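A short worksheet on the structure shown next.
There are 2 protein chains.
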Amino acid sequence: MEQKTAIEAFAALAQETRLGVFRLLVQAGPDGLTAGDIAAHIGVPASTLSHHLGILERAGLLRSWRVQRQIYYATDYEGTRRLLAFLMEDCCRGLPELCGTALSDLVACCPKPTVDA
Amino acid sequence: MEQKTAIEAFAALAQETRLGVFRLLVQAGPDGLTAGDIAAHIGVPASTLSHHLGILERAGLLRSWRVQRQIYYATDYEGTRRLLAFLMEDCCRGLPELCGTALSDLVACCPKPTVDA
DNA sequence: TTGACATTTCCACAATTATAGAAATATTCT
DNA sequence: AGAATATTTCTATAATTGTGGAAATGTCAA
Chain A
1 MEQKTAIEAF AALAQETRLG VFRLLVQAGP DGLTAGDIAA HIGVPASTLS HHLGILERAG
61 LLRSWRVQRQ IYYATDYEGT RRLLAFLMED CCRGLPELCG TALSDLVACC PKPTVDA
Chain B
1 MEQKTAIEAF AALAQETRLG VFRLLVQAGP DGLTAGDIAA HIGVPASTLS HHLGILERAG
61 LLRSWRVQRQ IYYATDYEGT RRLLAFLMED CCRGLPELCG TALSDLVACC PKPTVDA
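So the sequences go chain by chain: A and B.
Per the UniProt record's numbering, the very first residue in the first sequence carries number 1; after that it's consecutive.
Per the UniProt record's numbering, the very first residue in the second sequence carries number 1; after that it's consecutive.
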């Protein structure tokens with residue numbers, strides 16, 4: 001992953017409405033939600049939401065597909081994984097004993113070498 | 001973790017110089033590097049770097065301490081872990097079978113319930 | 001083909017932020 | 001005390017971004 005791509009993704013998450021949308025969809029799972037459902041949950045006008053969904057999708061954090069009149073959005077789990085792997089790449093030079101348990105139970109920074117995808 | 005705190009952290013990472021600094025320090029491990037070393041690695045003026053280090057530290061992503069004339073900076077692993085846990089909280093409603101393996105080998109989103117710290 | 005529905009694109013304004021030089025602060029050595 | 005070193009604070013300018021109404025687009029039912 002390129003630095004530029006990662007910055008785009010973090011910028012996408014660094015905004016109240018978008019972070020709310022992303023977390024809502026993480027919790028919703030792979031089936032996702034329609035744009036309308038998301039707007040109702042988050043409480044923003046459709047035009048504003050659409051703008052933010054576009055930013056999240058272009059950043060590789062969401063994917064979308066149409067079903068009849070509605071557009072579904074869901075977390076792009078692989079894109080998200082790549083982002084976090086990039087962030088923690090080569091954590092502690094691969095030496096588990098340096099990290100302690102702080103990250104090891106959440107991110108595979110030490111137990112296994114991180115592969116940049 | 002509050003949403004506001006997480007936004008501050010993602011905004012901190014959403015910038016070329018700061019993302020470079022953070023990743024450099026992730027790889028440097030708990031011993032950290034001095035501000036001067038970081039400036040040399042990244043190639044920015046001291047005043048610019050200082051500004052960015054302050055933003056990363058206030059966001060809970062770095063910690064710092066003085067040793068004689070120099071100030072060391074290192075990753076705040078616990079702060080980082082809290083941020084990623086917040087992002088992936090209640091992933092897939094806690095149902096491993098929904099996630100596939102995309103995140104499970106990086107983030108404990110499905111294998112164990114994520115605790116918001 | 002007309003109308004209703006779901007979402008996106010366009011637009012303009014307000015607010016936030018990156019940058020780096022100069023000066024200030026803090027620490028150490030002689 | 002005075003000079004040298006390491007870093008931060010101050011300041012101003014340039015550039016980027018969030019917002020939501022109105023209009024446009026795409027989809028479907030009658």
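Quick reminder that beta carbons are idealized off the backbone N, C-alpha and C, glycines included.
This one's a predicted model, so the numbers in the text were calculated from it and none came from an experiment.
GLY32/B is positioned such that its CB atom lies closer than 7 Å to that of ALA74/B. If the five residues before and after VAL26/B are omitted, its C-beta is found closer than 7 Å to the C-beta atoms of THR75, all from its own chain and listed in chain order.
Contact between the region 48–64 of chain A and the region 2–15 of chain A is established, with three or more Cβ pairs separated by less than 8 Å. The beta carbon of SER64/A sits closer than 7 Å to those of GLU57, ILE71, TYR72, TYR73, all from its chain and outside the five residues before and after it, given in chain order.
Here ILE71/A is bridged, per DSSP, to ARG66/A. Taking the C-beta atoms as reference points, HIS41/B is found no nearer than 7 Å to THR17/B. For the region 36–56 of chain B, the set of residues with a beta-carbon nearer than 7 Å to any beta-carbon of chain A is empty. Neighbours of MET1/A in chain B, taken as residues whose beta carbon is under 7 Å from its own, are absent, since the nearest beta carbon is some 11 Å off. THR80/A sits buried, since 16 or more C-beta atoms from the chains shown fall within 10 Å of its C-beta. Here the C-alpha atom of LEU49/B lies approximately 9 Å from the C-alpha atom of VAL21/B.
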